Amino acid sequence: MSQRSAVRDGIARTIKQLSALLPPRDESAQEAQLYYRRACLAAAEERYDVALIFCSKALELETAHLPTRLLIAQIYDRGLNNIDTAISCYRKVIALAGYEGDNPYCAAARAGLDNLVQGSKFTIQSLVPKRA
């Protein structure tokens with residue numbers, strides 16, 4: 035056995051051992067759901083900084099987890115009153131949902147955007163100069 039094949043076999047064994055430590059996909063989804071639930075509890079207690087930490091952990095495991103994405107948008111919207119970030123987050127949910135109105139997360143994000151627009155001080159008409 036050559037030295038190269040011995041090194042290759044050693045690397046293959048190491049990768050196999052390490053891959054056994056990684057959770058399967060289903061466990062990642064369950065873990066993401068667990069972080070999402072913890073984020074919901076923290077948000078309900080108005081501990082928004084903690085909720086956002088749990089949300090980021092859920093998204094590390096499942097980047098397109100729509101419930102978590104929607105919760106982040108709602109935290110920035112209703113909890114932190116950061117309208118610019120909330121708009122960006124709502125748009126991300128809509129895009130990840132494929133712009134499908136039948137998707138409940140897409141519908142909720144659109145409703146959140148509508149509420150932001152309706153509740154804002156500025157409307158398109160107020161931004162257009164009036165003719166003299």
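According to our numbering, the sequence shown holds residues 35 to 166 in order.
In this text, a Cβ means the ideal position worked out from N, Cα and C, and glycines have one as well.
Note that the structure is predicted; figures quoted are calculated from it, not measured.
Counting pairs of Cβ atoms below 8 Å between the region 88-101 and the region 68-77, do you hit three or more? Pairwise C-beta distances place the region 88-101 in contact with the region 68-77, as three or more of them are shorter than 8 Å.
Going by other Cβ atoms of all chains shown within 10 Å of its Cβ, with 16 needed for buried, is Q31 buried or exposed? Outside the shown range of the chain, which is 35 to 166, sits residue 31, and nothing can be said about it.
Classify P101: buried if its beta carbon has 16 or more other beta carbons within 10 angstroms, exposed otherwise. buried
Restricting to Cα atoms, I'd like to know which of I49, A66, A143, S39 is closest to I109. Comparing Cα-Cα distances from I109 to each of I49, A66, A143, S39, the minimum goes to A143.
Can you tell me which of the three DSSP states R144 falls into? Assigned with DSSP and collapsed to three states, R144 falls in helix.
Top-ranked residue by Cα proximity to E79, from Q64, G113, H99, I106: G113
Cα-Cα, which of V151, A46, R125, S62 is closest to Y139? Among V151, A46, R125, S62, the Cα nearest to that of Y139 belongs to R125.
By a C-beta neighbour count over all protein chains shown, 10 Å radius and 16 as the cutoff for buried, is G146 buried or exposed? buried
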